[in-house]
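Participant: Structure incoming, see below.
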Amino acid sequence: FLIFIIMPPPKGHFTPCLYVSATTNAYQITTTEGEIINKPKIFEGATVPIMNFLGVCHALHYLEKKGEFMPIYTNLITTIAWVKKCECGTTVAQNDSLFNSILNAEEFLKSHRKELLFVTKWETKEWGEIPTTFEKFKL
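Each residue of the sequence shown is one higher than the one before, counting from -6 in the numbering used here.
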């Protein structure tokens, strides 16, 4: 049994982590160094929470493939709740591609140890905007 304590990122110091942000039809995963690690895949009919959920699941899968562990920050508490339940928590998916992506993400979460689910809330009021941007994310 492992217990992790998440500390806020110190000002002016970048602890290795991943940041996830989303729009209504895409998400972006950014490293501490500003590298964007995912190629955009557009989903019509999605919502920001759905895209954020898919982004966090993608980030967890990315870390698992690399054999690494680090915090994943998101600014949506809904996403954190859905990840902890291993369930997207919505029935909004209006197309097969989005619906299948949600099912795959939920199956991934259900089939992995809870220790992998190290997702934490980005405190915008205290730390400013989440350090990920869609400037380079051409949709």
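We treat Cβ as the ideally placed atom computed from N, Cα and C, and that holds for glycine.
Identify every residue that forms a DSSP beta bridge with T24.
Facilitator: Your numbering for residue 24 matches position 31 in the sequence shown. L11.
Participant: Assuming the contact rule is C-beta atoms closer than 8 Å, Y20 and L53 should be a hit. Round their C-beta distance to whole Å, please.
Facilitator: Here residue 20 refers to the residue found at position 27 when the sequence shown is read from its first residue. Here residue 53 refers to the residue found at position 60 when the sequence shown is read from its first residue. That belief does not hold up - the Cβ atoms of Y20 and L53 are roughly 13 Å apart, past 8 Å.
Participant: Distance, Cα to Cα, F62 vs L56?
Facilitator: Sequence index remark: in the sequence shown, residue 62 carries index 69 (1-based). Sequence index remark: in the sequence shown, residue 56 carries index 63 (1-based). Answer to the nearest angstrom: the Cα atoms are 6 Å apart.
Participant: State the DSSP-derived secondary structure class of I70, mapped to helix, strand or coil.
Facilitator: In the sequence shown, the residue the question calls residue 70 occupies position 77. I70: helix per DSSP, three-state reduction.
Participant: State the CB to CB distance for the pair L11 and I29, rounded to an integer number of angstroms; the pair is presumed to be in contact (CB under 8 Å).
Facilitator: Here residue 11 refers to the residue found at position 18 when the sequence shown is read from its first residue. Here residue 29 refers to the residue found at position 36 when the sequence shown is read from its first residue. The Cβ separation is near 11 Å, so there is no contact.
Participant: Apart from the five residues on each side of it in sequence, which residues of its chain come closer than 7 Å, Cβ to Cβ, to E99?
Facilitator: Position 106 of the sequence shown, counted from the start, is the residue given in the question as residue 99. Cβ within range, chain order: C79, E80, C81.
Participant: If we require 3 or more residues per run, which beta strand (DSSP E) segments fall completely within the region 89 to 115?
Facilitator: Segments of the beta strand (DSSP E) lying fully in the region 89 to 115: 112 to 114.
Participant: At the level of alpha carbons, what is the spacing between K34 and T17?
Facilitator: Residue 34 sits at position 41 when you count from the first residue of the sequence shown. Residue 17 sits at position 24 when you count from the first residue of the sequence shown. Going from the Cα of K34 to the Cα of T17 covers about 12 Å.
Participant: Ordered along the chain, which non-local residues of its own chain (more than five positions away) have a Cβ less than 7 Å from that of A39?
Facilitator: Here residue 39 refers to the residue found at position 46 of the sequence shown. So the qualifying residues of the chain are T17, N18, L91.
Participant: So, for T71: in the same chain, excluding its five sequence neighbours on each side, which residues have a beta-carbon less than 6 Å away from its beta-carbon?
Facilitator: For the purposes of this step, residue 71 is taken as the residue at position 78 of the sequence shown. Taken in chain order, the residues that qualify are P42.
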